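**Q** Can you keep this structure in mind? I'll have questions shortly.
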Amino acid sequence: MTSVFVSGATGYIAQHIVKTLLEKNYKVVGSVRSTEKGEKLKKLLQSANFNYEVVNDIQKEGSFNDALKHHPEVTVFLHTASPFHFKAKDVEKELLIPAVNGTKNALKAIKDYAPQVKRVVVTSSIAAIKVEAKENDSTFVTTEETWNPISWEEALTNPVLGYRGSKTFAEKAAWEFVEMEKPSFILSTVNPVIVFGPQAFDSEVKETLNTSAEIINNLLKLKPDDPVPPSNNAFIDVRDVAKAHVVAFENEYAANQRLLLSESRYSSQLVLDLIHKNFPEFKSRIPLGTPGVYPDTSKLSKTDNSKTKAIVGFPFIPLEKSVVDTVSQIVAAEKHQ
Numbered sequence: 001m002t003s004v005f006v007s008g009a010t011g012y013i014a015q016h017i018v019k020t021l022l023e024k025n026y027k028v029v030g031s032v033r034s035t036e037k038g039e040k041l042k043k044l045l046q047s048a049n050f051n052y053e054v055v056n057d058i059q060k061e062g063s064f065n066d067a068l069k070h071h072p073e074v075t076v077f078l079h080t081a082s083p084f085h086f087k088a089k090d091v092e093k094e095l096l097i098p099a100v101n102g103t104k105n106a107l108k109a110i111k112d113y114a115p116q117v118k119r120v121v122v123t124s125s126i127a128a129i130k131v132e133a134k135e136n137d138s139t140f141v142t143t144e145e146t147w148n149p150i151s152w153e154e155a156l157t158n159p160v161l162g163y164r165g166s167k168t169f170a171e172k173a174a175w176e177f178v179e180m181e182k183p184s185f186i187l188s189t190v191n192p193v194i195v196f197g198p199q200a201f202d203s204e205v206k207e208t209l210n211t212s213a214e215i216i217n218n219l220l221k222l223k224p225d226d227p228v229p230p231s232n233n234a235f236i237d238v239r240d241v242a243k244a245h246v247v248a249f250e251n252e253y254a255a256n257q258r259l260l261l262s263e264s265r266y267s268s269q270l271v272l273d274l275i276h277k278n279f280p281e282f283k284s285r286i287p288l289g290t291p292g293v294y295p296d297t298s299k300l301s302k303t304d305n306s307k308t309k310a311i312v313g314f315p316f317i318p319l320e321k322s323v324v325d326t327v328s329q330i331v332a333a334e335k336h337q
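The opening residue of the sequence shown carries number 1 in UniProt numbering; numbering runs sequentially from there.
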């Protein structure tokens, strides 16, 4: 039975990854920030094949050393732990340094204390790929080979650029580590666009959800007369992100690759239309907006992730199902309160 280490195991995406791994009969060791968080996750998972290790600060040098020393059976490492929020007051201290050092510490610990690990997957992001300056260039095509050209100085400007920088610099640090240190493992990265979809456990539905899932939740909190937010972006469902992490280490074609996960575009209006279509109870609770009127995307840059789709080999969950499953879970949670 293969053992997989998942860092940051209590995160939104990570919980789905852990669930998926257990369903596929892997043993899982998750790193968590406290015993309390570890026990809570263990209780939610109810699996004898899940154990946890406390790593309270991933940016501390040697933070993963003991966790890996305790688990010589681990042969796959999935590094999902990284800060994701747009509220940082000190971008460098709260976003950039933790993301980069956390990644370097994980990879160094694997090289020094877990030479038996053969595959490593780092959870990166579209933020490490997307070239903002080309957003309105309809001739520009974003692929798995594209890199965000952001500099450290630019990343310090504000928390949004800080987050994009953190993902870019952390992923670059991972590829550079492999190139310079020549470890015994093979690296792959998973680079999702904005992630929608339900929480891994119904009990995890809170008043405020994680940053990306909160996009749909915020629409449900609007009053009927509120203006519709101008959101217009690409999405992927969290369950597909979890499955892609498994493909990233199981599939030989994913070795040394970046998997760019994107299903289709969404806008706030399109999501509202899907909510109204499937949940008539929201008719008088949230804005109607202008049904069927969506942003013109013809002048925007294009994305081609056909290479990723060929590697993962499964169809992505469409927007409507992702929205319906997300909203259904939130509605059910409201009824239980």
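C-beta: ideal position from N, C-alpha, C; glycine also.
Quantities reported herein were computed from a predicted structural model and do not represent experimental measurements.
May I have the straight-line CA-CA distance separating A81 from N278, to the nearest angstrom?
**A** Straight-line Cα distance between these residues: approximately 35 Å.
**Q** Measuring only the C-alpha atoms, how far is P198 from L272?
**A** In a straight line, the C-alpha of P198 is about 17 Å away from that of L272.
**Q** At 4 residues or longer, and completely inside the segment 78-116: list those alpha helix (DSSP H) runs for me, N to C.
**A** Whole alpha helix (DSSP H) segments, 4+ residues: 97-113.
**Q** Is the distance from the Cβ of L107 to the Cβ of F177 below 8 Å?
**A** The answer is yes: Cβ separation under 8 Å.
**Q** Would the C-beta of S47 count as close to the ligand NAP, meaning under 7 Å from any of its heavy atoms?
**A** Because no ligand of any kind appears in the structure shown, any question about the ligand NAP cannot be addressed here.
**Q** DSSP has N233 in a bridge; who is on the other side?
**A** DSSP, once it has assigned bridges, lists Y266 as partnering N233.
**Q** Ignore the nearest five residues each way along the sequence and tell me which others in T37's own chain have a CB closer than 6 Å to its CB.
**A** Correcting the residue type first, residue 37 is Lys in the shown sequence and not Thr. Same-chain partners within the cutoff: T10.
**Q** Spatial neighbours of V32 within its chain, please: C-beta separation below 7 Å, excluding the five flanking residues on both sides.
**A** Only A9, T10, G38, L41, Y52, V54 meet the Cβ criterion.
**Q** Near K167, what residues of its chain come up, given a Cβ to Cβ distance below 6 Å and the 5 sequence neighbours on each side ignored?
**A** Excluding residues within five positions, the ones whose Cβ falls inside 6 Å are S124, S125, A127, A128.
**Q** Determine the direct distance from the alpha carbon of K335 to that of P192, and round the result to whole angstroms.
**A** Their Cα atoms are separated by approximately 32 Å.
**Q** Mind checking which residues open and close the beta strand (DSSP E) that includes residue 339?
**A** For residue 339 there is no data in the structure shown, the boundaries of the chain being 1 and 337.
**Q** When the Cα atoms are used, what is the spatial distance from I286 to I275?
**A** Looking at the two C-alpha atoms, the distance is approximately 10 Å.
**Q** Taking one C-beta from the segment 303-318 and one from the segment 250-265 each time, how about it: are there three or more such pairs within less than 8 Å?
**A** Contact between the segment 303-318 and the segment 250-265 is present, because at least three Cβ pairs lie under 8 Å.
**Q** When you compare only the Cα positions, how much space is there between G62 and K69?
**A** Taking the straight line joining both Cα atoms gives about 11 Å.
**Q** Span of the alpha helix (DSSP H) holding V331?
**A** Counting along the chain, the alpha helix (DSSP H) containing V331 begins and ends at 319-336.
**Q** If you run the structure through DSSP and keep just helix, strand and coil, what is R258?
**A** In this structure, R258 counts as strand in the three-state DSSP scheme.
**Q** If you run the structure through DSSP and keep just helix, strand and coil, what is S188?
**A** Looking at S188 - three-state DSSP - the assignment turns out to be strand.
**Q** Secondary structure at G30, three-state DSSP: helix, strand or coil?
**A** The answer is strand: DSSP assigns G30 an E or B state.
**Q** Counting Cβ pairs, one atom from each stretch, are 3 or more of them under 8 Å apart for the segment 154-164 and the segment 280-295?
**A** Output reads no: the segment 280-295 does not touch the segment 154-164.
**Q** Can you give the Cα-Cα distance for residue 349 and D137, rounded to whole angstroms?
**A** Limits of the chain in this structure are 1 at one end and 337 at the other, which puts residue 349 out of reach.
**Q** Within 10 angstroms of its Cβ, does S298 collect 16 or more other Cβ (buried), or is it exposed?
**A** So S298 counts as exposed.
**Q** With a threshold of 8 Å between beta carbons, is I110 in contact with chain B?
**A** The structure shown contains no chain B, having only a single protein chain.
**Q** Taking K93 as the reference, give the member of K60, E214, V120 with the closest Cα.
**A** Nearest option by C-alpha distance: K60.
**Q** Quick one: grab the DSSP three-state call for residue 369.
**A** Any property of residue 369 remains undetermined from this structure, which presents the chain solely from 1 to 337.
**Q** Hey, how far is the Cα of Q269 from the Cα of S322?
**A** So the two alpha carbons sit approximately 15 Å from each other.
**Q** Which value, in whole angstroms, describes the spacing of the CA atoms of P280 and I317?
**A** Going by the C-alpha atoms only, they are around 23 Å apart.
**Q** Assuming the contact rule is C-beta atoms closer than 8 Å, F77 and V120 should be a hit. Round their C-beta distance to whole Å, please.
**A** So it is a contact: roughly 5 Å between Cβ atoms.
**Q** Taking Cβ positions, are G165 and L260 nearer each other than 8 Å?
**A** The answer is no: Cβ separation not under 8 Å.
**Q** Taking the DSSP output, what are the residues bridged to T303?
**A** DSSP lists T142 as partners of T303.
**Q** When we look at the beta-carbon of P224 and count the other beta-carbons within 10 Å, is it buried (16 or more) or exposed?
**A** Flag for P224 reads exposed.
**Q** Please report the distance separating the alpha-carbon of A244 from that of V122.
**A** Rounded to the nearest angstrom, the two C-alpha atoms are 12 Å apart.
**Q** Give the DSSP-derived three-state secondary structure of E250 in the structure shown.
**A** It is helical.
**Q** Just to confirm before moving on: does the CB-CB distance between E73 and S188 stay below 8 Å?
**A** No, the Cβ-Cβ distance between E73 and S188 is not below 8 Å.
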